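S.K.: Below are the structure tokens for one structure; questions will follow.
Numbering (the numbering used here), first residue to last: 13 to 208.
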């Protein structure tokens, strides 16, 4: 069996169980049972539940080929960025508040930055930011890499606020609004809604 498919299945089942039973209420045995996996096979792929959760947030295969093809065919670089951010944030938020809150605690305890946009996304976003600046939709003339790094910090900060507030605001809307401010998106583009 393909190890990547196995890991995908284990992650998918684990996230489903975390949502149903809570992170602490889900055991490795539960995950193994739901994934039709032996405990030793689980430990071949993951050192712990925390390791599995970190792997979920490192995975960038959340954008399916069809959506990525449609996004990359667009001319408007800001709209491409906004759609990719929207899909990425949906992936991050999908497990829910409890799991994401636990993930932040894990990051702090382990002092590891599990939650950064992957190098592949960085390599995707920096040219998009540069192109959007040239197209005039992003008015902030700062270096594209600096803007990318700041957008990453901004996203983490707002998600942390959302976790602290126990999900008391529309995190997706707040992040997208903050990105518009950071990038200084032209007013005619700032009001557009995200859709795929």
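From the three backbone atoms N, C-alpha and C, an ideal C-beta is built for every residue, glycine too.
Since we're looking at a predicted model, the values are computed, not measured.
With respect to the alpha helix (DSSP H) encompassing residue 120, which residues constitute its N-terminal and C-terminal limits?
M.R.: 109 to 122
S.K.: Can you give me the Cβ contacts of residue 136 inside the same chain, cut-off strictly under 8 Å, excluding the 5 residues immediately before and after it?
M.R.: The residues 96, in chain order, have a CB closer than 8 Å to that of residue 136 in the same chain once the five nearest residues on each side in sequence are set aside.
S.K.: Quick one: any contact between the stretch 86 to 95 and the stretch 143 to 150, if contact means 3 or more CB pairs under 8 Å?
M.R.: yes
S.K.: Please report the straight-line C-alpha distance between residue 142 and residue 156, rounded to a whole angstrom.
M.R.: 6 Å
S.K.: Expressed to the nearest angstrom, what Euclidean distance is found between the alpha-carbon atoms of residue 28 and residue 122?
M.R.: Roughly 24 Å between the two C-alpha positions.
S.K.: Starting from residue 197, trace the alpha helix (DSSP H) both ways and give me its first and last residue.
M.R.: From DSSP, residue 197 is part of no alpha helix (DSSP H); its letter is neither H nor E.
S.K.: Which runs of the alpha helix (DSSP H) spanning at least 4 residues fall entirely within the stretch 29 to 94, listed in chain order?
M.R.: Complete alpha helix (DSSP H) runs here, min 4: 40 to 47, 51 to 57, 61 to 70, 77 to 84.
S.K.: Can you confirm whether residue 132, when its beta carbon is compared against all beta carbons of chain B, has any partner nearer than 8 Å?
M.R.: The structure shown contains no chain B, having only a single protein chain.
S.K.: Residue 59 and residue 43 look like a contact to me (Cβ under 8 Å); what is the Cβ gap, rounded to whole Å?
M.R.: Taking the Cβ atoms as the reference, residue 59 lies roughly 13 Å from residue 43, outside the contact range of under 8 Å.
S.K.: Taking the alpha carbon of residue 32 as the reference point, which residue from 111, 85, 55 has its own alpha carbon closest?
M.R.: 111
S.K.: Measure the alpha-carbon distance for residue 53 versus residue 62 and round it to whole angstroms.
M.R.: 16 Å
S.K.: Could you check the C-alpha separation between residue 17 and residue 47 for me, to the nearest Å?
M.R.: 11 Å
S.K.: Please state if the CB of residue 114 and the CB of residue 35 are separated by a distance shorter than 8 Å.
M.R.: It is a contact, given that the beta carbons lie within the stated cut-off.
S.K.: Specify, as a first and last residue, the run of the alpha helix (DSSP H) that residue 173 falls within.
M.R.: 156 to 176
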